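If you want our numbering, it's the position in the sequence shown, counting the first as 1, plus 47.
For each residue, glycine too, the CB sits at the ideal point set by N, CA and C.
From a predicted model like this one, the values you see are computed outputs, not experimental measurements.
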Amino acid sequence: MKQKALNTLPKTPTGISGLDEVTGGGFPTGRPTLLCGSAGCGKTLFGIQFLANGITEYNEPGVFMSFEETKSDLEANVKSLGIDLEKLIATNKLRIDHVKSVRSEIEETGEYDLEGLFIRLNHAIESIGAKRVVLDTIESLFGGIDNASVLRSELRRLFHWLKEKGITAVITGERGDKTLTRQGLEEYISDCVILLDFRVIDQIATRRLRIVKYRGSTHGTNEYPFLIDEKGISVLPITALKLEHKISTEIISTGLPSLDNLFVEGGIYRGSSTLLTGSAGTAKTILASYFAAESCRRKESTLYFSFEESPEQLIRNMSSVGIKLKPYINSKKLIIHSSRPSLSGLERHLLVLHRLIEENNPHTVIVDPISSLMSVGSFGEVRDMLIRLIDVLKQNRINAYFTSLTHQGRTEHDTTVDAVSSLADIWMQVDNESENNNHVRSLRIVKARGMGHETTIQHFIITPKGIQFPNRENKNPLRKK
């Protein structure tokens, strides 16, 4: 018996990075969507960007009806985010209408209905053939109504009118004390309800988005971080819900032949993720720099994300052990991006990484160290961020290399190790021990998925010519014959 094809709900893409992914394609076409949240969470900007993207990316004209901000205020507020409303209006594909609702006038007449609004909104829609409408904010429109029954009747009437017009509408609303909105009714008569939240934790501001309901459609149910920057809004979902990454059997070098020989195949798989953990002074950054330099030698672009050293400091320090990074920077094969973790929240760091990856299309990405992120996020938040990052890298077959600072004596129970060790394909652990008043460095491969590897502890030294494994021959005794 043949299975019937499922009828999918028509959707209108928002064009907002990440939002179409968690909504399964966008907002419901021809139906109202409610965006609710407290002040400063980005409701108005979501509405503006929904309209602007509709015009520039999908050739769908739109109407923005504001009950608070004037047209000139809106134009000035969003210009810094790269949205030129004047230009869009000039193309006759955007109409902005500021409706002033005065409570005293409603109290004097004793009557209130939306007939005038319908006429005004209908004229704006038909004048440009609008497909999208944003009403911002609903509380200002009904601010003069104390009669609950009249309020509910007019709200239902507004939503039904929008549906009859077949307009994809976004309506913003302020969050109530015990309800999603002040009236507590919009959330029940809307087909899609999205809750925006703006919170401050440990002096770091973060914004979150959650789809409360979406009639007739599956959707993401988690809280998703989102950012507002000079390029507008970006929602950061987990990029893949299924583990369907394409893999490679190609072997690449770690940059150290002696280290390559610890693996059966004489190196690691291309596109794999490597985690290197160890306490301070165990050569984590040096080993990461070997990996970066080797990638550049293969004439592959490399992105090095450093949380502790500036580019000049990293270049100087690696030069002292024979790793010359400067030529690769000059040839633009190596890009070093340095920033303090406390500069911004986890979401912004992830967004910066995403954009650098999109702009530079690297073959290798190094994050040194991921443990620094614990200062700006909890264990769960850091893990979620790294899941998203590793997922992006695996989808694009990018070699990933992470270092993590651990504490002496409890390496295997460190929070960052717990967050990433199960996600990484390869986990190497470096250590620093004291023996006869000397520091003795060692390396151990904890795991290497899909590949045989040496399991014993390997000692190494750091010289002006780099890292050397004195007790390790260049040949690979593990290689298959």
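query                                                                                                           : result
Rounded C-alpha distance that separates K293 from S187                                                          : 51 Å
Where the beta strand (DSSP E) containing R179 begins and where it ends                                         : 179-183
Coarse secondary structure for V125, derived from DSSP in three states                                          : helix
Residues that D144 bridges to, as DSSP identifies them                                                          : M112
Nearest residue (CA-CA) to F245, options P79, C83, L66                                                          : C83
Inter-stretch contact (C-beta, 8 Å, three-pair minimum) for the stretch 252-272 and the stretch 70-78           : yes
Cβ neighbours of A99 in the same chain (closer than 7 Å, five flanking residues each side left out)             : I130, L135
Straight-line gap, L288 to L470 (C-alpha atoms, nearest Å)                                                      : In this prediction, L288 has a pLDDT of 46, which is less than 50 and means its spatial position is unreliable; nothing more can be read from the coordinates.
Simplified DSSP state of M475, which is helix, strand or coil                                                   : strand
Beta-carbon proximity of H500 to V487, cut-off 8 Å                                                              : no
Runs of alpha helix (DSSP H) lying entirely within the stretch 84-111, each at least 4 residues, in chain order : 90-105
Close beta carbons around T138, own chain, < 8 Å, minus the five adjacent residues each side                    : I102
Whole runs of the alpha helix (DSSP H) within the stretch 381-434, excluding any shorter than 4 residues        : 393-407
8 Å Cβ cutoff met for L132 and E122                                                                             : yes
Cutoff 6 Å; reference T91; Cβ partners in own chain excluding five residues on either side                      : D183
Status (buried if at least 16 other CB within 10 Å, exposed otherwise) for G220                                 : buried
Assigned exposure category for S481 - 16 Cβ within 10 Å defines buried                                          : exposed
Where the alpha helix (DSSP H) containing G213 begins and where it ends                                         : Premise fails: G213 is in no alpha helix (DSSP H) and is neither H nor E.
Outcome for D472 when other beta-carbon atoms lying within 10 angstroms are tallied against a minimum of 16     : buried
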